[in-house]
Every structure is written in structure tokens, then in C-alpha cells.
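Asker: My questions all concern the structure below.
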Amino acid sequence: MNYQSLNGPSASDSIGKLAAIRLPELRGKSFLDLGCNEGFFCGAARFSGASRVVGVDYEPDAIEKATSHFPDVEFIRSGWDEYLDTSEEKFDVILFASAIHYAEDQEKILEKAIGLLTEDGVLILECGIGATDDPTVSFITHERWDGPKKYFTKGHLRSTVRKLNFELFYDGDSVKQMGDAIDRRVFHIRRRRQSIIFNFDPPGNGKSGMGSLLVAAGVYKRLDDLASDTIKAQPNSAFVVGAEQDIAKFWARLVDLSMHDWAANRIFEFVTSSTAELTYVEGWVPDQVIEQLDHLFAGTNFITFRMSRRDGYIPPTGRNPVAATHSNDETWFTTPIADACVDYVHGVRADNTFIMTAVGWHDIAVPHDQYCLIVGGNRFSGELLHRPNRGDLGPNRIPFVVSFKMPIELQQSRAVEAGARMYAVGAHRELFELPAKQALRDVRIA
Ligand SMILES: C[S@@+](CC[C@H](N)C(=O)[O-])C[C@H]1O[C@@H](n2cnc3c(N)ncnc32)[C@H](O)[C@@H]1O
Numbered sequence: 095m096n097y098q099s100l101n102g103p104s105a106s107d108s109i110g111k112l113a114a115i116r117l118p119e120l121r122g123k124s125f126l127d128l129g130c131n132e133g134f135f136c137g138a139a140r141f142s143g144a145s146r147v148v149g150v151d152y153e154p155d156a157i158e159k160a161t162s163h164f165p166d167v168e169f170i171r172s173g174w175d176e177y178l179d180t181s182e183e184k185f186d187v188i189l190f191a192s193a194i195h196y197a198e199d200q201e202k203i204l205e206k207a208i209g210l211l212t213e214d215g216v217l218i219l220e221c222g223i224g225a226t227d228d229p230t231v232s233f234i235t236h237e238r239w240d241g242p243k244k245y246f247t248k249g250h251l252r253s254t255v256r257k258l259n260f261e262l263f264y265d266g267d268s269v270k271q272m273g274d275a276i277d278r279r280v281f282h283i284r285r286r287r288q289s290i291i292f293n294f295d296p297p298g299n300g301k302s303g304m305g306s307l308l309v310a311a312g313v314y315k316r317l318d319d320l321a322s323d324t325i326k327a328q329p330n331s332a333f334v335v336g337a338e339q340d341i342a343k344f345w346a347r348l349v350d351l352s353m354h355d356w357a358a359n360r361i362f363e364f365v366t367s368s369t370a371e372l373t374y375v376e377g378w379v380p381d382q383v384i385e386q387l388d389h390l391f392a393g394t395n396f397i398t399f400r401m402s403r404r405d406g407y408i409p410p411t412g413r414n415p416v417a418a419t420h421s422n423d424e425t426w427f428t429t430p431i432a433d434a435c436v437d438y439v440h441g442v443r444a445d446n447t448f449i450m451t452a453v454g455w456h457d458i459a460v461p462h463d464q465y466c467l468i469v470g471g472n473r474f475s476g477e478l479l480h481r482p483n484r485g486d487l488g489p490n491r492i493p494f495v496v497s498f499k500m501p502i503e504l505q506q507s508r509a510v511e512a513g514a515r516m517y518a519v520g521a522h523r524e525l526f527e528l529p530a531k532q533a534l535r536d537v538r539i540a
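Position 398, counted from 1, in the sequence shown is what my numbering calls 492; the numbers after and before it change by one each time, with no gaps.
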């Protein structure tokens with residue numbers, strides 16, 4: 095019987111496995127499959143728009159069949175050790191499915207495969223995991239029909255990738271296969287990334303109180319300290335004189351002198367000099383500086399969060415380790431800026447009402463499909479009109495079309511363009527900000 099589900103009955107449920115491994119968006123990306131067998135997943139990657147697909151397997155028969163199934167994929171007949179030792183090509187996505195238990199040195203093969211990832215690349219590892227709570231156990235051995243096989247324990251897998259400065263991100267069930275003695279799981283292994291929480295609220299909103307709570311979880315940095323140090327270092331500069339006693343004046347002066355890029359660069363260096371996993375940064379700075387900071391962080395590996403007490407709150411839910419530490423505080427967190435987006439907004443006037451339709455996507459579960467828009471301090475709830483079918487977004491992204499109704503004056507005052515912030519509202523009133531700057535500047539009136 096064939097192993098993969100290509101022609102006739104198969105030992106493995108490849109279609110179920112394809113769903114379980116949750117391939118990321120592949121359009122324009124490169125994809126490598128180690129132990130590709132007859133090329134099922136290489137074919138799937140090609141159909142999903144991957145620009146380059148390579149499959150490696152040492153079985154001549156498997157490679158021959160794979161080449162005839164998918165002629166525009168490059169299949170290489172080679173042991174994975176030899177391939178990984180000699181190839182220098184980097185890949186955006188590497189799949190290693192139902193195969194690592196065949197490797198002689200599993201830690202080594204994992205390290206070599208990770209070595210071929212691009213900077214933002216992901217290694218998708220699908221494998222059996224030895225169940226034990228004993229942290230001293232690295233592998234569990236199982237007798238199989240084809241001899242004893244060793245399986246990583248989850249703890250050992252995690253510590254192996256952490257040593258390489260990588261992390262197990264997605265961790266989910268895989269499909270069961272006949273003869274499985276243990277559970278199979280799917281892991282997405284990516285480079286560890288530092289998280290930064292920014293709180294730019296004006297004084298009196300509890301920023302430093304929050305900092306003292308967060309300091310246990312990471313590094314706490316105050317933008318006021320950066321300002322004081324700069325003032326001390328350059329006491330006679332034009333942007334310091336007169337602002338020595340008033341830090342807010344210091345930042346505002348920088349903007350007046352068109353030095354917001356300079357200020358943002360100083361803040362960027364100040365914040366990113368820390369190697370901690372979590373850094374909490376607080377301090378009021380003008381919007382122009384914040385905007386420039388967003389640009390600076392956009393192309394980096396840092397995961398940035400915004401936190402504020404000004405517009406709303408969520409009680410902690412436990413899904414965020416930081417929020418969980420202060421159960422009675424009024425705090426809300428937003429999703430990482432990179433993980434949600436409003437693609438565009440369309441505005442229609444009808445009598446005294448302005449109806450705004452927002453189209454976008456996010457990767458968070460919004461249990462009741464509630465959305466809201468905050469314009470000039472007013473909150474409008476949104477009606478979910480449609481979940482468009484957008485295969486281009488990949489399996490973890492949830493598209494939406496939502497409409498909001500608001501009085502016409504709000505649109506006429508251009509408040510929508512200037513200050514609207516859109517949120518998806520989850521269970522327990524979590525507010526997830528959906529960045530929509532670009533779109534909201536571009537409101538069209540039908
Ligand atoms: C159980 S199959 C899994 C196939 C495929 N990854 C899937 O999940 O459908 C394991 C595959 O790994 C290949 N393989 C085992 N040891 C290998 C090695 N040292 N180098 C290259 N391929 C190997 C086998 O030939 C086989 O095709």
C-alpha cells in the first residue's frame with residue numbers, strides 16, 4: 095500500500111495531515127520537504143503558490159513517483175543528512191513530517207534543518223511525542239513493527255530548539271495513523287522574538303504602576319529616563335533649553351524642530367538595547383514620534399504591543415501572561431500590530447447616518463463576532479455582514495466584513511479619517527485593536 099494519499103488506498107491520511115500541519119501562506123515562498131515520499135506535500139505547496147519547492151527523500155522509488163506526479167517540483171534523491179550537510183539554500187518553510195524518528199541523531203538533524211531557515215522561516219515538525227512529566231527524560235522508546243523508535247518528549251524538544259534561540263510556537267494535534275503507539279503532534283518552530291509593550295498614555299493613567307507590576311515579567315524602561323539622560327548629556331542644545339524641568343516640553347520641542355525622526359531613532363535604540371524577552375516601555379511622547387516608531391519597528395523581528403487605559407479595558411483572561419498578573423486593574427491589551435489588519439473602508443451616506451464598511455482580517459477568535467469602532471470617544475457597535483472566502487490569507491486568518499452606523503456629523507467633521515480605531519471584541523470584553531490607519535485615511539463616500 096502507498097504511504098501517501100495520491101493513488102488508491104494509503105497508509106497515511108495525507109489530506110488530514112495537510113489540514114493538521116497548518117501550512118502558512120505560501121504564495122511567493124520557498125518550501126522544502128525532508129522525507130517527502132511521493133511528493134504529496136510538495137504538490138500541495140506548489141498548488142498554494144510556493145515559488146520554489148524542493149523535496150528530498152532517499153528512496154529511489156518514492157522520488158521517481160514524486161517526479162511523475164509533480165514534474166515542476168525539484169525532487170532530490172538523497173539522505174537528509176547528506177542534503178543538509180551540502181546545501182546552502184535557505185527556505186521560508188521546511189516540512190519534516192512523520193520522519194524524524196528515522197534520524198540517527200534527532201537533535202542534530204533538527205539543528206541542521208533549522209540552519210536552512212530564512213530569517214522569518216518556519217520549520218513544521220510533525221512527529222510522535224513521548225508522554226512523560228519527568229523533565230529529566232529526553233526520549234521515550236517504542237517497539238514498532240519496524241523496530242524500536244525513539245520519540246522526543248515535549249520538554250526535551252522545547253529545550254533543544256531553545257538552545258538554538260528558536261521556540262515551539264504552534265502546538266496542535268496531528269492525525270492518527272494505524273499502528274501509532276503514541277500521540278502525534280504538529281509544531282511550528284520559529285526564531286524566538288522579543289516582545290515590546292508600549293504604553294504612551296499621558297501622565298495620570300497608571301503607566302508606572304503598571305511598570306512596577308510588569309517588572310517581574312521583563313525589563314521596564316521609562317522614556318522619561320531617556321529624556322533626562324539626553325538633557326543631561328546635551329544641556330545647551332536648542333531642544334533642551336527651557337525644557338529641563340518639563341519632559342513633555344522636551345518631546346514637543348523635538349517635534350517643533352522637525353526632529354521626530356531623530357527622537358524615534360533614539361527611542362528605538364533605547365528600547366532595543368535590551369535582550370529580554372519582554373520589555374515594557376512607558377512614557378508620553380507626541381503622536382508624530384509614535385508614528386515614526388511604528389515605521390522603525392515595521393520591518394523588524396520585534397513583536398510590538400500597545401497598551402492603554404484611555405479607551406477601554408479588559409479584565410485579564412489568562413491568555414496573556416502579563417494581564418494575568420493584576421486581576422483587578424483596568425487594562426487592555428491589543429494584538430501584535432503585525433497580526434491584524436483592516437484592508438479598506440468604504441463609506442456610504444444615508445439620510446442622517448453614515449454607514450462605514452470595513453473589510454479586513456485577523457487571527458484571533460472573536461467568539462460573538464462583535465466589533466466596535468471608537469471615534470472621538472464614542473463607541474459604535476458593528477454588525478458582521480459577511481465572512482468572505484479568502485484563501486489567499488492562509489488557514490489561520492479570519493476575514494470579515496463589518497458595518498458601523500454613526501451620525502453623519504462624525505464623518506463630516508472628518509473624525510472618522512482622523513481618529514477612528516477599530517476593535518474586535520472577544521469574550522470577557524477583550525479589545526483587540528485592528529490597525530487601520532491607511533484604510534481610514536482613505537474613506538470613500540458612495
Ligand atoms: C513515514 S514517511 C513520511 C513521508 C511524508 N513526510 C509524509 O508525512 O507523508 C518517511 C519518509 O522519510 C524517508 N526517509 C527516511 N529516512 C530518510 C533519510 N535518512 N533521508 C531521506 N529520507 C528518509 C522515507 O523514505 C519516507 O519516504
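Glycine included, C-beta positions come from ideal geometry on N, C-alpha and C.
Here the structure is a predicted model, which means the values were calculated and not measured.
What runs of the beta strand (DSSP E), each 3 residues or longer, lie entirely inside the region 249 to 325?
Answerer: Runs found: 260 to 267, 278 to 285, 289 to 293 and 313 to 316.
Asker: Within 10 angstroms of the Cβ of R279, are there 16 or more other Cβ atoms? Answer buried if so, exposed if not.
Answerer: Flag for R279 reads buried.
Asker: Counting only the same chain and skipping the five closest in sequence on each side, list residues whose C-beta sits under 6 Å from that of E200.
Answerer: As written in the sequence, residue 200 is Gln, which differs from the Glu given in the question. Here the set comprises I194.
Asker: Thinking F263 and H282 are a contact (beta carbons under 8 Å), I'd like their distance in whole angstroms, please.
Answerer: Correct: roughly 5 Å between the Cβ atoms.
Asker: Return the residue from the list Q98, V335 and I397 that minimises the CA-CA distance to V365.
Answerer: Nearest option by C-alpha distance: I397.
Asker: When DSSP labels each residue in this structure, what does W455 get in the three-state scheme?
Answerer: The answer is strand: DSSP assigns W455 an E or B state.
Asker: Counting only C-beta atoms, is F141 closer than 9 Å to chain C at any point?
Answerer: Looking at the structure shown, chain C is missing, and only one protein chain is on hand.
Asker: Please tell me whether V61 and D127 are closer than 9 Å, where the distance is taken between their beta carbons.
Answerer: Here the chain comprises residues numbered 95 to 540, so residue 61 is not present and cannot be evaluated.
Asker: Is K301 close to ligand 1? I mean its beta-carbon at under 8 Å from any heavy atom of the ligand.
Answerer: For ligand 1, not one heavy atom lies less than 8 Å from the Cβ of K301.
Asker: May I ask which residues mark the beginning and end of the beta strand (DSSP E) holding F498?
Answerer: Segment I492 to P501, the beta strand (DSSP E) holding F498.
Asker: How long is the line joining the alpha carbons of G102 and I170, rounded to whole angstroms?
Answerer: So the two alpha carbons sit approximately 25 Å from each other.
Asker: Based on DSSP bridge pairs, tell me the residues matched to S475.
Answerer: Paired residues: C466.
Asker: One question on the structure: do F134 and L117 come within less than 9 Å of each other, judged by their Cβ atoms?
Answerer: No, Cβ-Cβ distance for F134 and L117 is not below 9 Å.
Asker: Hey, is E205 close to ligand 1, as in C-beta under 8 Å from one of its heavy atoms?
Answerer: No - ligand 1 has no heavy atom lying nearer than 8 Å to the Cβ of E205.
Asker: From this set, S106, Y177, R515 and Y374, which residue's C-alpha is nearest S268's C-alpha?
Answerer: Of the listed residues, the one whose Cα sits closest to S268 is S106.
Asker: With which residues is Y374 paired in a DSSP beta bridge?
Answerer: Y374 is bridged to I291 and Y314.
Asker: From the DSSP output, in three-state form, read off E237 for me.
Answerer: It is a strand residue.
Asker: Compare the Cα-Cα distances from D228 to each of T247, G215 and S145 and report the closest residue.
Answerer: Among T247, G215 and S145, the Cα nearest to that of D228 is on T247.
Asker: Nearest CA to the CA of V349: which residue from Y374, Q386 and A327?
Answerer: Here the closest residue by C-alpha is Q386.
Asker: What I want to know is whether the C-beta of V150 ends up closer than 8 Å to one or more non-hydrogen atoms of ligand 1.
Answerer: Yes.
Asker: Using CA coordinates, which residue listed in V436, D323, R287 and R515 is at the minimum distance from N216?
Answerer: As written in the sequence, residue 216 is Val, which differs from the Asn given in the question. The residue with the shortest Cα to Cα distance from V216 is R287.
Asker: Quick one: what's K544 bridged to in DSSP?
Answerer: There is no way to answer for residue 544, as the model of the chain reaches only from 95 to 540.
Asker: Consult DSSP for V517 and reduce its assignment to one of helix, strand or coil.
Answerer: For the record, residue 517 in the displayed sequence is Tyr; it is not Val. Correct three-state label for Y517: strand.
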